[in-house]
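Take 2 as the starting number for the sequence shown in our numbering and just add one per residue.
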Amino acid sequence: MNKRGDILFGKIIHICREGITVLTNKKYVFNIPKKNITDWSSKNLYAEFSIKDKINFYVEQIDNANSTGIGNFKYNHSYFARTPFTDELKETKHGFRTLKSEIEKDINIWKNRGQNV
């Protein structure tokens, strides 16, 4: 049974200015409003998608009794989101010292290669 947070695949069966409608292989119909497709108001959904395109999307809401739901396309496709990354890089027990030293080694290697050319 499908639930919120699942990633589903389906075929686009309808496109309009307000969003798209997707039919999954289990005959669930998901509406994906434009706000869940892109953060860019100038994006033309007719130019980005075509009927019968196969897409994947994140399940926001689902009604299993009626086989319908609301999906979110931009959650899976960072190109369509204004600020796609909400995760932060957390320090390890050594802080960032190990990462910094490895990056400095790589930089020195590239600098030396540039001088030997």
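Even glycine gets a Cβ: it sits at the ideal position worked out from N, Cα and C.
This one's a predicted model, so the numbers in the text were calculated from it and none came from an experiment.
Taking buried to mean at least 16 other C-beta atoms within 10 Å of its own C-beta, is residue i buried or exposed?
{"i": "Gly6", "result": "exposed"}
{"i": "Asn37", "result": "buried"}
{"i": "Phe10", "result": "exposed"}
{"i": "Phe31", "result": "buried"}
{"i": "Ile108", "result": "exposed"}
{"i": "Ile110", "result": "exposed"}
Considering only DSSP beta bridges, list what residue i is partnered with.
{"i": "Asn73", "result": "Tyr59"}
{"i": "His32", "result": "A quick correction: the sequence has Asn, not His, at residue 32. Asn32 pairs with Thr22, Ile71."}
Report the option in the options whose CA atom is closest to the CA atom of residue i.
{"i": "Tyr29", "options": "Phe97, Trp111, Ala66, Arg114", "result": "Ala66"}
{"i": "Glu61", "options": "Tyr76, Glu92, Tyr47", "result": "Tyr76"}
Are the Cβ atoms of residue i and residue j separated by less than 8 Å?
{"i": "Glu59", "j": "Ile8", "result": "Here residue 59 turns out to be Tyr, not Glu, going by the sequence shown. Closer than 8 Å, so yes."}
Checklist entry - Are the segment 61-78 and the segment 21-30 touching by the rule of at least three beta carbon pairs closer than 8 Å? => result yes
Next on the checklist: With a threshold of 8 Å, are at least 3 pairs of Cβ atoms found where one atom belongs to the segment 77-86 and the other to the segment 34-52?
Outcome noted: yes
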